[in-house]
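Enquirer: Following this message is one structure expressed as C-alpha coordinates.
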Amino acid sequence: QVQLVESGGGLVNPGGSLRLSCAASRSISNIYAMGWYRQAPGLERDLVARIFRTGSVDYADFAKGRFTISRDNVQNTVYLQMNSLKPEDTNLYYCYARRTSASTLDWGQGTQVTVPS
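Reminder that position 4 of the sequence shown reads as 30 in our numbering, one-by-one numbering, no gaps.
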(Lines of atoms letter the chains of each structure in order from A and count residues from 1; the text may use other names and numbers.)
(Lines give C-alpha, C1' and ligand atoms only; values in the text may rest on other atoms or scores of the structure.)
Protein backbone atom coordinates (compact mmCIF):
# COMPACT_ATOMS: atom_id res chain seq x y z
CA GLN A 1 0.00 0.00 0.00
CA VAL A 2 1.08 3.59 -0.63
CA GLN A 3 0.40 6.27 1.97
CA LEU A 4 -0.62 9.55 0.39
CA VAL A 5 -0.78 12.99 2.00
CA GLU A 6 -2.50 15.85 0.19
CA SER A 7 -1.91 19.53 0.80
CA GLY A 8 -2.52 22.86 -0.87
CA GLY A 9 -6.27 23.20 -0.56
CA GLY A 10 -7.92 26.33 0.75
CA LEU A 11 -10.22 29.22 0.07
CA VAL A 12 -9.69 31.10 -3.19
CA ASN A 13 -11.75 33.69 -5.05
CA PRO A 14 -13.30 32.88 -8.43
CA GLY A 15 -10.68 33.12 -11.14
CA GLY A 16 -7.90 32.32 -8.73
CA SER A 17 -5.45 29.44 -8.66
CA LEU A 18 -4.35 26.69 -6.31
CA ARG A 19 -1.76 23.96 -6.55
CA LEU A 20 -2.54 20.71 -4.80
CA SER A 21 0.26 18.38 -3.81
CA CYS A 22 0.14 14.66 -3.08
CA ALA A 23 3.21 13.28 -1.33
CA ALA A 24 3.72 9.51 -1.44
CA SER A 25 5.38 7.37 1.22
CA ARG A 26 7.54 5.55 -1.33
CA SER A 27 8.95 5.91 -4.80
CA ILE A 28 6.29 6.64 -7.39
CA SER A 29 8.39 6.03 -10.48
CA ASN A 30 6.95 2.55 -11.00
CA ILE A 31 3.40 3.28 -9.89
CA TYR A 32 1.01 2.56 -12.76
CA ALA A 33 -1.14 5.66 -12.33
CA MET A 34 -1.76 8.48 -9.90
CA GLY A 35 -4.31 11.20 -9.95
CA TRP A 36 -7.06 13.18 -8.35
CA TYR A 37 -10.75 12.71 -7.71
CA ARG A 38 -13.15 15.17 -6.16
CA GLN A 39 -16.31 14.71 -4.16
CA ALA A 40 -19.06 17.00 -2.94
CA PRO A 41 -21.20 16.01 0.06
CA GLY A 42 -23.76 13.37 -0.85
CA LEU A 43 -22.39 12.88 -4.33
CA GLU A 44 -20.14 10.32 -5.98
CA ARG A 45 -16.42 10.79 -6.34
CA ASP A 46 -15.53 12.09 -9.82
CA LEU A 47 -12.22 11.73 -11.63
CA VAL A 48 -10.45 15.06 -12.16
CA ALA A 49 -7.16 14.05 -13.75
CA ARG A 50 -4.70 11.18 -13.83
CA ILE A 51 -1.16 10.62 -14.96
CA PHE A 52 0.31 7.28 -15.92
CA ARG A 53 3.77 5.85 -15.40
CA THR A 54 4.42 6.54 -19.08
CA GLY A 55 3.70 10.23 -18.57
CA SER A 56 0.46 10.25 -20.47
CA VAL A 57 -2.35 12.24 -18.88
CA ASP A 58 -6.12 12.22 -18.88
CA TYR A 59 -8.55 14.94 -17.77
CA ALA A 60 -12.23 15.22 -17.05
CA ASP A 61 -13.99 17.57 -19.43
CA PHE A 62 -14.47 20.20 -16.72
CA ALA A 63 -10.72 20.20 -16.04
CA LYS A 64 -9.45 20.51 -19.61
CA GLY A 65 -7.76 23.82 -20.28
CA ARG A 66 -7.81 24.86 -16.61
CA PHE A 67 -6.10 22.10 -14.63
CA THR A 68 -2.69 20.52 -15.16
CA ILE A 69 -1.47 17.32 -13.52
CA SER A 70 2.21 16.52 -13.17
CA ARG A 71 4.42 14.13 -11.26
CA ASP A 72 7.88 14.51 -9.76
CA ASN A 73 9.51 11.11 -9.44
CA VAL A 74 12.37 12.58 -7.38
CA GLN A 75 10.11 14.23 -4.80
CA ASN A 76 7.62 11.34 -5.04
CA THR A 77 4.87 13.90 -5.42
CA VAL A 78 1.98 14.46 -7.80
CA TYR A 79 0.66 17.96 -8.37
CA LEU A 80 -2.59 19.41 -9.61
CA GLN A 81 -2.33 23.00 -10.78
CA MET A 82 -5.81 24.50 -10.89
CA ASN A 83 -6.38 27.83 -12.65
CA SER A 84 -9.48 29.89 -13.39
CA LEU A 85 -11.27 28.33 -10.45
CA LYS A 86 -15.05 28.49 -10.31
CA PRO A 87 -17.54 28.08 -7.45
CA GLU A 88 -18.52 24.68 -8.87
CA ASP A 89 -14.94 23.52 -8.27
CA THR A 90 -15.68 23.60 -4.54
CA ASN A 91 -15.10 20.01 -3.43
CA LEU A 92 -13.00 17.72 -1.32
CA TYR A 93 -10.10 16.65 -3.53
CA TYR A 94 -8.57 13.19 -3.05
CA CYS A 95 -5.29 11.90 -4.38
CA TYR A 96 -5.05 8.26 -5.38
CA ALA A 97 -2.45 5.77 -6.51
CA ARG A 98 -2.96 2.59 -8.51
CA ARG A 99 0.19 0.56 -8.07
CA THR A 100 -0.44 -1.78 -11.02
CA SER A 101 -3.14 -1.95 -13.67
CA ALA A 102 -4.90 -4.61 -11.56
CA SER A 103 -4.51 -2.95 -8.14
CA THR A 104 -7.19 -1.34 -6.08
CA LEU A 105 -6.75 2.35 -5.39
CA ASP A 106 -4.85 3.74 -2.43
CA TRP A 107 -6.33 7.04 -1.21
CA GLY A 108 -5.20 10.10 0.63
CA GLN A 109 -7.28 11.81 3.30
CA GLY A 110 -8.48 14.63 1.05
CA THR A 111 -7.96 18.37 0.92
CA GLN A 112 -10.78 20.90 0.77
CA VAL A 113 -10.99 23.46 -2.03
CA THR A 114 -13.54 26.24 -1.60
CA VAL A 115 -14.37 28.85 -4.24
CA PRO A 116 -17.14 31.15 -2.98
CA SER A 117 -19.80 32.41 -5.34
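C-beta atoms are modelled at their ideal positions from N, C-alpha and C, and glycine is treated no differently.
Note that the structure is a prediction, hence the values are computed from the model and not measured.
Look at the Cβ atom of GLY35, then the Cβ atom of TYR119, and state whether they are nearer than 9 angstroms.
Expert: Locating residue 35 in the sequence shown gives position 9, counting from the first residue. Locating residue 119 in the sequence shown gives position 93, counting from the first residue. Cβ distance < 9 angstroms, so GLY35 and TYR119 count as in contact.
Enquirer: Taking the alpha carbon of MET60 as the reference point, which residue from SER143, GLY134 and VAL141 has its own alpha carbon closest?
Expert: What you label residue 60 is simply residue 34 of the sequence shown in a count that begins at 1. With distances taken between Cα atoms, MET60 lies closest to GLY134.
Enquirer: Figure out for me which residue from GLY136, PRO142, VAL100 and VAL141 has the closest Cα to the Cα of GLN65.
Expert: Taking the first residue of the sequence shown as 1, we reach residue 65 at position 39. Taking only the C-alpha atoms, the option nearest GLN65 is GLY136.
Enquirer: Go through the region 71–120 residue by residue and report every complete run of the beta strand (DSSP E) that reaches 3 residues or more, in order.
Expert: You should have 72–78, 83–85, 93–98 and 103–108.
Enquirer: Please go through the same chain and pick out, in chain order, the residues whose beta-carbon is closer than 6 angstroms to the beta-carbon of ARG97, but skip the five residues on each side of it.
Expert: Here residue 97 refers to the residue found at position 71 of the sequence shown. Answer for ARG97: ILE77 and VAL104, listed in chain order.
Enquirer: Thinking C-beta only, is VAL100 closer than 9 angstroms to TYR85?
Expert: As a working note, residue 85 is residue 59 in the sequence shown. As a working note, residue 100 is residue 74 in the sequence shown. No; because the gap between Cβ atoms is not below 9 angstroms, this pair is not in contact.
Enquirer: Please go through the same chain and pick out, in chain order, the residues whose beta-carbon is closer than 7 angstroms to the beta-carbon of SER127, but skip the five residues on each side of it.
Expert: The sequence position of residue 127 within the sequence shown is 101, counting from 1. Excluding sequence neighbours, SER127 sits near TYR58.
Enquirer: In the structure shown, what three-state DSSP assignment does GLN65 receive?
Expert: Along the sequence shown, read from residue 1 onward, the residue named residue 65 stands at position 39. Of the three classes helix, strand and coil, the one that applies to GLN65 here is strand, per DSSP.
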